[in-house]
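Enquirer:
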Amino acid sequence: MAPLATLCSASGEAVASWVQAIGSILAIVAGFAVVRQQAGAAHRENMMLAVAEVQNSRRAAISIAQLAQDMCEAVLLELRTTSPLSGTDVQRMKRGVEYQRNTIAAFPLWSLRNEEMMRCFAPLASILDYIADNLREVADTTGKGEPASIEVVNLVVGRINPLRDQVAANLDGLRTLAMSTRAALAD
């Protein structure tokens, strides 16, 4: 109470000095509070952007894996139903598989930010390489305008079936992991 009594008995200049000092201190405290609030808001926004980026990357990986599965299905369907199967048919399928393989190989695995998802996605390129090698084997049986050997086509279909199943299993794994880690990302 004594400082208040001293302040009341002080001259107008002294009171003005005290008011200015207290006002300056409050302005500094308010400035710190505003900066802290803005930094917190910026941090939250950056975290939301990072989560959205990872989720977009995971959706892209799942879409690419789905395309790989679709490519396997299309190759198997064409091998089973196209008769006679020409070298041109096989080369077209092989180019499609190689294009899909290159898309997978170019995908930035680090963007998935989940080791298990990386393990599901990474083998897809080598699986498609193996399918392309098998298609090359079919193409090698086609001579000058001759159709592919039915025996070789059947052998290759038998090799590609389990690969298609492996791609499907990896795709399912990606989908399951994406669902289970979505909540963890939001935290």
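Residue numbers for the sequence shown follow my numbering, beginning at 300 and rising by one.
Note that CB positions come from ideal geometry on N, CA and C, so glycine has one too.
As a quick exercise: from R463, T480, L476, pick the residue whose alpha carbon is nearest that of A367.
Expert: R463
Enquirer: Taking all protein chains shown into account, decide if V452 is buried (16 or more other Cβ within 10 angstroms of its Cβ) or exposed.
Expert: Counting the other Cβ atoms within 10 Å of the Cβ of V452 gives 16 or more, which makes it buried.
Enquirer: Please go through the segment 414-470 and give each complete alpha helix (DSSP H) segment of 4 or more residues, from N-terminal end onward.
Expert: 414-420, 422-439
Enquirer: Would you mind listing the alpha helix (DSSP H) stretches within the segment 305-386 that are 4+ residues and don't spill past its ends, in chain order?
Expert: 311-380
Enquirer: Specify the secondary structure class of R400 as computed by DSSP and reduced to three states.
Expert: helix
Enquirer: Between Q354 and G457, what straight-line distance do the alpha-carbon atoms span, to the nearest angstrom?
Expert: 36 Å
Enquirer: I think V455 touches V466, with their Cβ atoms under 8 Å apart; what is that distance to the nearest whole Å?
Expert: Contact doesn't hold; Cβ gap of about 16 Å is too wide.
Enquirer: Considering only their Cβ atoms, is the gap separating M370 from Q390 smaller than 7 Å?
Expert: no
Enquirer: If we count Cβ pairs, one from each stretch, closer than 8 Å, do we get three or more for the segment 409-416 versus the segment 349-363?
Expert: By the Cβ rule, the segment 409-416 counts as touching the segment 349-363, because three or more pairs are nearer than 8 Å.
Enquirer: Report the rounded CA-to-CA distance for N460 versus E372, giving the unit in angstroms.
Expert: Roughly 9 Å between the two C-alpha positions.
Enquirer: Name the residue from M346, Q365, A424 whose alpha carbon lies nearest to the alpha carbon of L408.
Expert: Among M346, Q365, A424, the Cα nearest to that of L408 belongs to A424.
Enquirer: Rounded to whole angstroms, how far is the Cβ of A364 from the Cβ of L470, which I believe are closer than 8 Å?
Expert: 4 Å
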